[in-house]
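Read the structure below first, then the notes.
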Amino acid sequence: MQRAAPPPRLQRLAREGNVFERWFFLRVVSRYKLERILLLLGPLAFPAFHLVLLVAVSRNPWFNFFVHAFSDLGGPKASDPWVFNNGLIALGFMQCLYSLGLLARARSRGAAFACGLCFTAGVFLALIGVYPSGTKPHAFIAMWFYLQALMAMSALGLALLVEGRRVPGALLLALGLLPLPLGYAVEITVGWPSLAAVEYAGTIFIAGGSLVATLAHWS
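Taking the numbering used here, the leading residue of the sequence shown gets 192, the next gets one more, and so forth.
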C-alpha cells in the first residue's frame, strides 16, 4: 500500500521554506506517522490477544476451549492469573490509543462519536482485567465490552456511509450488526460449545472491524 504523502503545499515548505516553516513541516510529518502507528494498534490487538492467551494457557494446561471461558484464565482457580488479567489491561490500553488514531482521521461528527464508543470499549476491556472472573461486576463488564465494540463499529459504518464511503461503511455496519443475530441463530440451532467459543467469535468480528477501519482511515 502506498504511503499517504503530506499535502503539496507542505512539501513545498519543506524544500523552500525558512527554518520555522521547515520545523512546522517536520511537526506535521511526525503527526502523520504517529497517527498511523495508532491506527495499527487496532489490528495488532488480535495477534497480541493470542500471545496473551498462549502464555496464560501454558500456565494453565487444564484449560479447554470447548469447555471453559477465557476469563477462567484470570479467575481464582487459575495459576498466575495476573498474566491474563494484565494482558487484557494492556489490550484495553491499545484499544484506547487506537480510537485516538481513528479520531485524528475522523471526517465527521458521526465518526468522532464512533471513536468515543471505541475508546469506551477499550476502557471496558481493561476493566475485565481489573475485575476478573469471580468478582461481582465481571459479567456485566465483559458483556458490555463486546456490546460497546459492536456499537462502535456500527456507528462508524453509518458515519462512513453518510460520508459517501460505501464499501468500508457497509462492511463495518455488517460487522457491527451481524454478530448478535448470528450468535443467537447458532445457539438455537446447534448451540455454542462454550463461552470461550462465543467470545472468540465476537473477537473475530471486532478484529475484522478494526482492520477495515484502519484501512479506511490510512490515507
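From the three backbone atoms N, C-alpha and C, an ideal C-beta is built for every residue, glycine too.
What separation, rounded to the nearest whole angstrom, lies between the Cα atoms of GLY265 and SER410?
Take the alpha-carbon of GLY265 and the one of SER410: they are about 39 Å apart.
Taking a contact to mean a Cβ-Cβ separation below 7 Å, would you say LEU368 touches PRO359 in this structure?
No.
On the three-pair Cβ rule with 8 Å, is the stretch 329-336 touching the stretch 298-307?
Result no; under three Cβ-Cβ pairs closer than 8 Å.
When the Cα atoms are used, what is the spatial distance from VAL274 to LEU282?
VAL274 and LEU282 have their C-alpha atoms roughly 12 Å apart.
Straight-line gap, PRO370 to LEU225 (C-alpha atoms, nearest Å)
Whole-angstrom Cα-Cα distance: 32 Å.
How about LEU308 and MET342: are their beta carbons less than 7 Å apart?
Between LEU308 and MET342, the CB-CB gap stays under 7 Å.
Local conformation of PHE465 per DSSP, three classes
Since the first residue shown for the chain is 192 and the last is 410, residue 465 is missing from the structure and cannot be characterised.
Under the assumption that VAL243 contacts GLY278 (Cβ atoms under 8 Å), give the Cβ distance between them as a whole number of angstroms.
Taking 8 Å as the upper bound for CB-CB distance, VAL243 and GLY278 are in contact here, some 3 Å apart.
Could you give the residue range of the alpha helix (DSSP H) that holds ALA346?
Following the DSSP letters along the chain, one finds ALA346 inside the alpha helix (DSSP H) bounded by residues 329-353.
Ignore the nearest five residues each way along the sequence and tell me which others in VAL314's own chain have a CB closer than 7 Å to its CB.
Closer than 7 Å at Cβ, skipping near neighbours: GLY283 and CYS287.
For PHE256, which residues from the same chain have a beta carbon less than 6 Å from its beta carbon, with the 5 sequence-adjacent residues on both sides left out?
Once the five neighbours on either side are set aside, the close Cβ partners of PHE256 are ALA387.
Could you round the C-beta distance between ALA236 and SER401 to whole angstroms and report it? I think they count as a contact, below 8 Å.
Right, their Cβ atoms sit about 7 Å apart.
Terminal residues of the continuous alpha helix (DSSP H) containing VAL358?
Annotation for VAL358: the continuous alpha helix (DSSP H) segment containing it runs 357-368.
Below 7 Å CB to CB, which residues in the same chain sit around PRO323 once its five sequence neighbours on both sides are set aside?
Closer than 7 Å at the Cβ level, and outside the excluded window around PRO323, lie SER262, GLY265, GLY266, PRO272, ASN276 and HIS329.
Kindly indicate which residue of TRP253, ALA260 and GLN339 has the alpha-carbon position closest to the one of LEU366.
With respect to the C-alpha of LEU366, the residue from TRP253, ALA260 and GLN339 having the closest C-alpha is GLN339.
Which class does ALA398 belong to by DSSP, given the choice of helix, strand or coil?
Under the three-state reduction of DSSP, ALA398 is assigned to helix.
Same chain, Cβ closer than 6 Å to ALA295, five either side skipped, listed in chain order
The beta carbon of ALA295 is closer than 6 Å to those of GLU226 in its chain, skipping five residues each way along the sequence.
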